[in-house]
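There are 4 protein chains.
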Amino acid sequence: MANAIVVGGSRGIGKAISDGLKSIGCDVVSTSKNELDTSDLSSVKNFIEKNKTTDILVLNTGGPPAKEFDSVTEEEWQKFHNQLFLGFCLLLQKISINDGGYVFLISSSVIKEPNPRLVISSAYRSAFSSVLKILSKKFAERNISCVNIAPGPINTDRTRELFDNVKEFEKTLPMKRLGEPEEIGNFVKSIVENKIKYLSGVVINFDGANSNYVF
Amino acid sequence: MANAIVVGGSRGIGKAISDGLKSIGCDVVSTSKNELDTSDLSSVKNFIEKNKTTDILVLNTGGPPAKEFDSVTEEEWQKFHNQLFLGFCLLLQKISINDGGYVFLISSSVIKEPNPRLVISSAYRSAFSSVLKILSKKFAERNISCVNIAPGPINTDRTRELFDNVKEFEKTLPMKRLGEPEEIGNFVKSIVENKIKYLSGVVINFDGANSNYVF
Amino acid sequence: MANAIVVGGSRGIGKAISDGLKSIGCDVVSTSKNELDTSDLSSVKNFIEKNKTTDILVLNTGGPPAKEFDSVTEEEWQKFHNQLFLGFCLLLQKISINDGGYVFLISSSVIKEPNPRLVISSAYRSAFSSVLKILSKKFAERNISCVNIAPGPINTDRTRELFDNVKEFEKTLPMKRLGEPEEIGNFVKSIVENKIKYLSGVVINFDGANSNYVF
Amino acid sequence: MANAIVVGGSRGIGKAISDGLKSIGCDVVSTSKNELDTSDLSSVKNFIEKNKTTDILVLNTGGPPAKEFDSVTEEEWQKFHNQLFLGFCLLLQKISINDGGYVFLISSSVIKEPNPRLVISSAYRSAFSSVLKILSKKFAERNISCVNIAPGPINTDRTRELFDNVKEFEKTLPMKRLGEPEEIGNFVKSIVENKIKYLSGVVINFDGANSNYVF
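Structure (structure tokens):
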């Protein structure tokens, strides 16, 4: 039975992944922000003390507030640098992933098509995507797969906060709806369940045909 | 029970996908080159006469011979333009995909990182990837998902033809092995089985962390 | 004094490049569609008979008609395969580029962000971009630089054909205007004039900040 | 006569750009690390006090030490987050770019093809590339062009530090040589000199055909 740690696993996409992994018998540690707040490095260090190894690590975190570039303060850059980048780096430096394991990153479609209102998220999630790519090559020797899932608009509390009128927003999307967290939860579950390992070092845009670029 | 057409489904990746879909109860028409040769437009037209609709269409075809740019003849460009591009276009123009269905393209990692020895494949598979991206947006309204899977080095007859010494080649790969067709077969199967629809309009590099680009 | 061939050099972007190269003393053969029609392979072969070497080759051609995928006929695919891909391949196979030379491709921003109305152009220009990337590595040994310029909306006859109301369209662009052919003409001129050689194997989107992707 | 600020302008690529801009009559403030150290936010704030507007801003900085992921300390992440990301953000938030101006970022080819030895640079330069893309759209309305130049291996002190044997390294490159800082200096100079404005929101890989991806 595989062990899994799902950061930000108490709701939304993280919860759906946590539920998916439990449904196939994984032993899942699913953290809420109270248990592990990646914007607070002492919280990260406390967590690392108690969780030294895992088979599956899912790196997921809520998004920063919607702010345009000019209004982001120095303190906000620093805080979300911790939350979206440095906290994840410390986790990956200190928690040992077992041979044959998985690292899943839940980033965002803004890593490729940045969003002016989400400049903090666009920048730091891009930065961490670069780190995960580098690690995918190193981890490959131990049969550990690294998969970066970049969700577009998903039906979560987060998305409902960002849009005044979600119904109207949905009409602008190619599929006329938000994605469901369970679609991502089932996707992650299937990869683990079927022992698909050769899918690694890849960014998978998960956005209902919403992005504009092909390659 | 869903119907599926798997082009190039008699061996390699196509067969693995065909087997995966059969295992979840799909009614699969799996074609060999004798039954449907996309380099021969009359063969394509014959096939279209007999197959007018499907729930799932898997576009897959063997690769052209390894040739460098200077040695490709006009006739070869024309032939593989048919095989890798135009034949697929005719299929997509004439076979109706049912609402809620899927189109899977098995392209190649050369669409993003072209290979001098595989210039024909690099070029025409890129071209068709562009077509599929465009269609993904149109099909989204009818809940049809388009997924472009771009395999890296997979353990198929094709790969064994391309390399004199596959064992030595494997040592150069991040995972020290080729991917298995079943990993892709299971991947496609899982998407259909779990009714994952929001994964659309995307290129998924399936290459064991072998590519160099992150985004 | 360098020799240059500018395909499609009688108007629009091609003419601006031709003018730019002439202004720095290049000896320019600038072809109209009457002189060299890349959709007609016999025209290509006639041209090759008379033009066997050059220092600078600029591959540029008008776009196909605006058509959506479903309405493109087999004959149209074949014709524009010639015009946008195969004709250029034959030119590059048969015209020798001198050491220290340049190949410029004028493609389009649709190679990365395909346009449903321009599916033919999106597909075949992507295909040829792949070929040029492959050649850039081979040509590097002879100090030949390959630069793929991918224009967005430029102030040409072509753009005016595509839009009923260009003025309204311009308001939707980040810079509130089309690009000018001379901006691209001057860009190409400057690279040659300053002997910038290390810019090679690259796609340069030239679109006034209009594209959505960052990487 | 245009004013320009070239950060990191005392040597290497920065100096070449500074020299290029001076050669066309720009009034250039070219800073060494003593004058403006972007890793030290108080240095950044001092600089901002004295430099409130400019026509041209060139954001350039030396690279962090070569370190693999596991050995980077928390303090190093923080320091280079300042140097490669936050310092540049503060400059762009506080220094007003005049209408019709330019922002040039000198990033690195590692933003697209990350390098395990340069994980810090790969990550934070990607992050800032995202910010510049976002700003390019906003600045477009005031005719300010943002150009992200991503150099590959260039003949600078930096490159000579990274490689024990530069001569051997050069043999592995497509052009069998490093790029020269002057090629980039002349490139920037030409864009300004020719008032090329429609080139904006773009990453320009400047690497002598060394990268592997096409799009």
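In the order they appear, the protein sequences are chains A, B, C and D. In terms of this note's numbering, the first sequence is residues 1 to 215. In terms of this note's numbering, the second sequence is residues 216 to 430. In terms of this note's numbering, the third sequence is residues 431 to 645. In terms of this note's numbering, the fourth sequence is residues 646 to 860. Every residue gets a Cβ at the ideal spot worked out from N, C-alpha and C, and that includes glycine. Computed from a predicted structure; not experimentally measured.
Would you give the residue range spanned by the beta strand (DSSP E) that residue i belongs to?
i	result
residue 489 of chain C	483-489
residue 206 of chain B	For chain B, the structure presents residues 216 to 430; residue 206 of chain B sits outside this window and is missing.
residue 102 of chain A	96-106
residue 457 of chain C	457-460
residue 219 of chain B	218-221
residue 145 of chain A	145-151
Can you find the residues in the same chain that come closer than 6 Å, C-beta to C-beta, to residue i, ignoring five residues on each side of it along the sequence?
i	result
residue 692 of chain D	681
residue 469 of chain C	509, 512, 513
residue 494 of chain C	510, 550, 551
residue 558 of chain C	515, 518
residue 326 of chain B	340, 341, 344, 365
residue 193 of chain A	24
residue 847 of chain D	none
residue 599 of chain C	593
Could you tell me whether the Cβ of residue i comes closer than 8 Å to any Cβ of chain A?
i	result
residue 413 of chain B	yes
residue 321 of chain B	no
residue 769 of chain D	yes
residue 724 of chain D	no
residue 728 of chain D	no
residue 703 of chain D	no
residue 644 of chain C	yes
residue 401 of chain B	yes
residue 681 of chain D	no
residue 280 of chain B	no
residue 678 of chain D	no
residue 394 of chain B	yes
residue 808 of chain D	no
residue 692 of chain D	no
If you drop the 5 nearest sequence neighbours on each side, which residues of the same chain put their C-beta closer than 7 Å to that of residue i?
i	result
residue 307 of chain B	350
residue 807 of chain D	711
residue 146 of chain A	103, 132, 135, 136, 139, 200, 201
residue 636 of chain C	579, 580, 581, 582, 609, 614
Enumerate in chain order the residues of its own chain whose CB-to-CB distance from residue i is below 8 Å, with the five nearest sequence positions on each side excluded.
i	result
residue 296 of chain B	339
residue 31 of chain A	5, 6, 7, 8, 9, 10, 47
residue 314 of chain B	357, 358, 359
Less than 8 Å between CB atoms is the rule here; does residue i satisfy it with respect to chain B?
i	result
residue 574 of chain C	no
residue 206 of chain A	yes
Evaluate residue i with the Cβ neighbour count: other Cβ atoms within 10 Å of its Cβ, from every protein chain shown; 16 or more gives buried, anything less gives exposed.
i	result
residue 113 of chain A	buried
residue 268 of chain B	exposed
residue 197 of chain A	buried
residue 861 of chain D	Outside the displayed range of chain D (646 to 860) lies residue 861 of chain D, so it cannot be described from this structure.
residue 288 of chain B	exposed
residue 810 of chain D	exposed
residue 27 of chain A	exposed
residue 571 of chain C	exposed
residue 186 of chain A	buried
residue 668 of chain C	Because chain C is modelled from 431 through 645, residue 668 of chain C falls outside the range shown and cannot be assessed.
residue 283 of chain B	exposed
residue 741 of chain D	exposed
For residue i, decide whether its Cβ has a neighbour in chain C, counting only Cβ atoms nearer than 8 Å.
i	result
residue 772 of chain D	no
residue 733 of chain D	no
residue 828 of chain D	yes
residue 739 of chain D	no
Would you say residue i faces chain D, with C-beta separation under 8 Å as the test?
i	result
residue 44 of chain A	no
residue 443 of chain C	no
residue 329 of chain B	yes
residue 570 of chain C	yes
residue 52 of chain A	no
Can you tell me where the alpha helix (DSSP H) holding residue i begins and where it ends?
i	result
residue 663 of chain D	657-668
residue 183 of chain A	181-193
residue 257 of chain B	256-265
residue 773 of chain D	764-785
residue 601 of chain C	596-601
residue 723 of chain D	719-726
Exercise for the section: Report yes or no: do three or more beta-carbon pairs, one from the segment 97-109 of chain A and one from the segment 58-70 of chain A, lie closer than 8 Å? Expected result: yes
Exercise for the section: Check whether the segment 817-829 of chain D touches the segment 849-860 of chain D, taking contact to mean three or more Cβ pairs, one atom from each stretch, closer than 8 Å. Expected result: yes
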